[in-house]
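Participant:
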Amino acid sequence: MPLGERLDYGQYSRKGNIVITVATRWEGTPQAIHAVEAGSRAAKPQHEEWGAKNPRLMRPVTGTGGMEVALYICDFESMEAYGRFWDQVSGSDWFVQLQKDVAEAHPQLRMADQVVMYDAIAD
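With the UniProt record's numbering, the residue at position 72 of the sequence shown is 72, and numbering never jumps.
(1) If you scan the segment 71-102 from start to end, which runs of the alpha helix (DSSP H) of 4 or more residues do you find wholly inside it?
(2) Any idea if P107 is buried or exposed, counting beta-carbon neighbours within 10 angstroms, 16 or more meaning buried?
(3) With 16 other CB atoms within 10 Å as the buried threshold, where does V36 fall?
(4) Note down the Cα distance separating V19 from A122, rounded to an integer number of angstroms.
(5) Let me know the beta strand (DSSP E) ranges lying completely inside the segment 30-75, each 3 residues or longer, listed in chain order.
Here it is in structure tokens:
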């Protein structure tokens, strides 16, 4: 796409591409990150049921963070699909419990960031 050209999300998403990726960055002690790993494994089927594609927990091999960082990543076919997913998450008992668990684990664990992204070079 030439610089300055606007992305047409509608046309892009009609090509069948997964358009949206959401990455949640967790930071904490190695023990707390291990708990994120266990929780992510348990949450994966629920997230898939709510519409997430390819949920995964990525751990750094190099770079900053090392054993104190994990990235939980899910893909969605559109912003609308992500919105439907978030509507289900935010209205669930699962989310209420997650908030309690994260608050209890603080300061050993924190959700440092969440980024919603699109692939700007997908065909």
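Idealized CB from N, CA, C, for every residue including glycine. Bear in mind the structure is a predicted one, so any value in this text is a computation, not a measurement.
Facilitator: This is what the structure gives:
(1) 79-90
(2) Mapped onto the sequence shown, residue 107 falls at position 107. It counts as exposed.
(3) The sequence position of residue 36 within the sequence shown is 36, counting from 1. Its Cβ being crowded by 16 or more others within 10 Å, V36 is buried.
(4) Taking the first residue of the sequence shown as 1, we reach residue 19 at position 19. Taking the first residue of the sequence shown as 1, we reach residue 122 at position 122. Roughly 9 Å separates the two Cα atoms.
(5) 53-58
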